Amino acid sequence: MKIGYPCINLTIGCKGDRTFRLKSYSEQRLIETVTNNINCLAAMLTFNVEHDLLFFRVTSDLVPFASHRVCQFDWHTYFKDQLTAIGSFIKSHNIRISMHPGQYTVLNSQDNEIFARSIKELEYHADVLDALGLDASAKIQLHVGGVYRDKRKSVQQFIDRYRNLNKRIKQRLVIENDDRSYTADDCIRIYEETGVPVLFDVFHHELNHSHSSITDVLATITKTWQAQDGIPMVDYSYHHPGGLRVSHAKSIDSADFERFLTITQPYDFDIMLEIKDKETSALKAVEIARGDMRFFHGKFTH
DNA sequence: CCCTGTCAAGTCACG
DNA sequence: CGTGACTTGACAGGG
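Adding 106 to a residue's 1-based position in the first sequence gives its number in the working numbering.
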C-alpha cells in the first residue's frame, strides 16, 4: 500500500501546474512554463520520497495546450533529458504514478469532434508517461463519460471506442466510478466486456452506488487489475456529514480514514487522498497507516 | 499593486 | 435557459 495526493504540493512553494491563456500562447511561453512545471515536479517527488508519500498524480497541466492544435512544439524531445531523469527517480524510488484527464475528455461522446479531441488528450497523457519511461502500472484514469439518456447505448459506445484505442493508450487506461452517472458496478460490467481495470473512488461510491458495499466492490475490482497493471488504485476523500453542501473536506478525518483502512484490511491497493490540503492530509494518513500496523500486516510501503 | 472577470474543452442537475 | 460542479484557482487586463 502506498499513500499519495494529487498534482500539487502546497508546502514547498512550487506547485508545478502553471499555465497561461490560449491567447498568449507562444513557443517561448510554453518552454518557460513547462520548464517551471518539470522542475516543480522533480521537487515535489523529492519531497514525497522524504515523507514516505510514494503515490503521486502528475497534473494534466504539465504541458499546457499540449493536445491543442496551437501546440506544434516537440516538447517531448526538447525536455527529453529532464523527463528521463525524473522517470529514473520515480523508478529507483518505486513511486506509483497516475494521471487524470479533465472533464472535457469524453471517450463515448456522440460528437465526433469531442471524441477526436479526447483521443488527442489521451495521447498527450500517454506521451508524458512514455517520456518518463514508466511501465503499464502508471495509469491514466478516466470516467466513462456521458449517458445521453440511454445508458446501455452509451456504455456500448464506450466499449467500442475502447476496443479501437492504440495499445499505447489502452495499456494505461483505467476507468473510475463517478458521482452521478456511472457506478462502480457499471464500471465492472464494462471491465467484463473489455478487460479495462476499474479504479475505485470511495467518495463517488457513497454519492452514487447500487447495492454493493465498499468491501464487495474492492473484492471485485481487485480482480480487474492484472499483474502488469500493478495493484489497484483507490481514490479516497471525505465529505462533511449532515452538511447541505457535498464537497471535499478541507482536511482528513482521521477516524473515518482509520475506519476505512480497517474495513478494507484484507485488500492491498494504493490510496490517492483527494483532500484540499493535499500533502498535509496525506502525511497524516501515512502516520495513521504506520502507527496501526496491526491492521496492515506490513502492507504499508515505507 | 490590487481587483476581478474570465479562462480550450463537456455533461448534467438544478433553479 | 443560465449557472454551478466536476480534479482546481490562476491569468491578465484595467483601475
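The beta-carbon is built from N, C-alpha and C at its ideal position, and this holds for glycine as well.
Model, not experiment: these values are computed from the prediction.
| Check | Outcome |
| --- | --- |
| Could you tell me whether the Cβ atoms of Thr-330 and Pro-303 are closer together than 8 Å? | yes |
| Look at the alpha carbon of Phe-179 and the alpha carbon of Val-250, and state the distance between them as a whole number of angstroms. | 30 Å |
| Does the count of Cβ pairs from the region 234–245 and the region 209–222 closer than 8 Å reach three? | no |
| Hey, Ser-173 and Glu-219: beta-carbon distance below 8 Å or not? | no |
| Do the CB positions of Thr-300 and Arg-269 come within less than 8 Å of each other? | yes |
| Classify Lys-186 as helix, strand or coil using the three-state DSSP reduction. | helix |
| Given a threshold of 16 other Cβ atoms within 10 Å of its Cβ, counted over all protein chains shown, does Asp-154 qualify as buried or as exposed? | Here the sequence assigns Asn to residue 154, which means Asp is not the residue at that position. Its Cβ being crowded by 16 or more others within 10 Å, Asn-154 is buried. |
| May I ask which residues mark the beginning and end of the beta strand (DSSP E) holding Lys-245? | 245–249 |
| When DSSP labels each residue in this structure, what does Glu-282 get in the three-state scheme? | strand |
| Helix, strand or coil: which one does DSSP assign to Met-150? | helix |
| From this set, Ile-358, Ser-215 and Thr-190, which residue's C-alpha is nearest Ser-260's C-alpha? | Ser-215 |
| With H, G and I counted as helix, E and B as strand and the rest as coil, what does DSSP make of Asp-341? | strand |
| Could you check how far apart the C-beta atoms of Val-323 and Phe-306 are, in whole angstroms? I think they sit under 8 Å. | 6 Å |
| Taking the C-alpha atoms as reference points, what is the distance between Phe-171 and Phe-309? | 30 Å |
| What is the residue span of the beta strand (DSSP E) that Tyr-111 lies within? | 109–112 |
| Measure how close the beta-carbons of Ile-114 and Gly-122 come, nearest whole angstrom, since I'm counting them as under 8 Å. | 6 Å |
| Can you round the beta-carbon distance between Leu-409 and Arg-278 to whole angstroms, since I take them to be within the 8 Å contact cut? | No answer is possible for residue 409: it lies beyond the span of the chain, which begins at 107 and ends at 408. |
| Give me the Cβ distance between Ala-388 and Leu-159, rounded to the nearest whole Å; I'm assuming they're in contact under 8 Å. | 5 Å |
| Relative to the C-alpha of Leu-151, which candidate in Ser-166, Val-176 and Cys-120 has its C-alpha closest? | Cys-120 |
| What does the alpha-carbon distance come out to for the pair Ile-182 and Asp-167? | Reading off the sequence shown, one finds His at residue 182, where the question assumed Ile. Taking the straight line joining both Cα atoms gives about 15 Å. |
| Does Pro-338 pass the burial test, meaning 16 or more other C-beta atoms within 10 Å, or should it be called exposed? | buried |
| Which two residues bound the contiguous alpha helix (DSSP H) that contains Phe-126? | Premise fails: Phe-126 is in no alpha helix (DSSP H) and is neither H nor E. |
| With a threshold of 7 Å on Cβ separation, who are the neighbours of Ala-149 within its own chain once the five nearest residues in sequence on each side are excluded? | Ile-118 and Cys-120 |
| Do you know offhand how far Leu-367's Cα is from Ser-132's? | 47 Å |
| Which same chain residues end up closer than 6 Å to Ser-287 when comparing Cβ atoms and leaving out the 5 residues on each side of it in sequence? | Val-253 |
| Let me confirm a value: Ala-222 is counted as buried when at least 16 other C-beta atoms fall within 10 Å, else exposed. Which label applies? | exposed |
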